[in-house]
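The sequence shown begins at 328 in the working numbering and counts up by one.
Report on one structure; see the data block that follows.
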Amino acid sequence: MMQARRRMVLIAFSVCTSYMIGIVPVRRTHESFRGPHQLNMRNNPAIDILRWAIAVPAGIMLWFAANHSIGIAFGIIHGIERVEAFWEAPDMDGVPIIGTYIIFVTRTIAAASLVGVMIYIVPRYHKQVAIVAASLLSAAAIGFLGFALFQAAGVDSGLSPDGWYKHILDILSITLGAIVGAWLSYTSQKRRTRRAS
328 MMQARRRMVL
338 IAFSVCTSYM
348 IGIVPVRRTH
358 ESFRGPHQLN
368 MRNNPAIDIL
378 RWAIAVPAGI
388 MLWFAANHSI
398 GIAFGIIHGI
408 ERVEAFWEAP
418 DMDGVPIIGT
428 YIIFVTRTIA
438 AASLVGVMIY
448 IVPRYHKQVA
458 IVAASLLSAA
468 AIGFLGFALF
478 QAAGVDSGLS
488 PDGWYKHILD
498 ILSITLGAIV
508 GAWLSYTSQK
518 RRTRRAS
């Protein structure tokens with residue numbers, strides 16, 4: 328009984344604390360019902376500038392973190408050396424089925440994480456940020472394919488069909504992840520804005 332009461336007190340305390348720092352959105356019908364700390368945070372230009380400044384670095388960091396963590400997970404399943412050899416190979420390295428889902432899962436989640444965290448951090452213009460971030464990431468993926476083709480042009484053998492498949496799958500997975508991440512994050516931010524208003 329005492330433990331249950333302590334848990335209830337801790338839950339109530341955490342909810343109240345989260346509300347005071349503006350983490351939990353609470354429906355209000357008038358601005359006067361908002362806490363002064365929330366109003367100051369929303370109208371603080373310094374905080375807005377900081378959020379714009381860290382959005383892109385945070386997204387890039389999450390991209391690498393997602394790639395690394397998912398790579399470790401696949402390494403535990405298939406063997407770290409096997410997965411590393413697959414990523415370093417210019418083609419599918421003789422494992423087209425395993426390689427397909429490794430590329431698709433890794434790149435899709437990493438791209439969605441990159442775009443999603445940027446939309447989540449920026450204080451406003453979420454729709455525009457979603458469009459720009461998804462477009463830039465897709466363009467970067469296409470640019471990476473162009474760079475790979477430029478490198479392959481200097482090699483006599485060129486890219487094998489497996490190599491083409493690997494690069495194209497990479498681009499499509501990144502593009503899909505960017506679009507899905509942008510859409511999910513934008514709709515989530517839109518719902519949060521409606522609840523906060």
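Quick reminder that beta carbons are idealized off the backbone N, C-alpha and C, glycines included.
- Excluding the 5 residues flanking it on each side, I469 has same chain C-beta neighbours closer than 7 Å at I498, in chain order.
- Residue range 423-448 is occupied by the alpha helix (DSSP H) that includes R434.
- In this structure, DSSP gives S465 a helical state, which the three-state scheme calls helix.
- For F413, the number of other beta carbons within 10 angstroms of its own is at least 16, and it is reported as buried.
- Spatial neighbours of I436 in its own chain (CB-CB distance under 7 Å, excluding positions within 5 residues in sequence) are listed in chain order as A393, I397, G504.
- Sixteen is the threshold: when 16 or more other Cβ atoms of the shown chains lie within 10 Å of the Cβ of R434, as they do, the residue is buried.
- Annotation for L389: S440, L441, V444 place their beta carbon closer than 7 Å to its own, counting only its chain and skipping 5 residues before and after.
- Taken atom to atom, the span from the alpha-carbon of V422 to that of E415 is near 13 Å.
- Residues of the same chain with a CB within less than 6 Å of the CB of F401, apart from the 5 flanking positions on each side, are V410, I429 in chain order.
- Remark: C-beta atoms of L464 and A438 approach each other more closely than 8 Å.
- In the DSSP assignment, G406 falls outside any alpha helix (DSSP H) and carries neither an H nor an E.
- If you draw a straight line from the Cα of R378 to the Cα of T514, it comes to about 19 Å.
- The C-alpha of V456 lies about 25 Å from the C-alpha of H395.
- Spatial neighbours of T427 in its own chain (CB-CB distance under 7 Å, excluding positions within 5 residues in sequence) are listed in chain order as L496.
- Beta-carbon to beta-carbon, Q516 and I446 are separated by about 6 Å, close enough to satisfy the 8 Å threshold.
- Straight-line measurement puts the Cα of P450 at about 12 Å from the Cα of R519.
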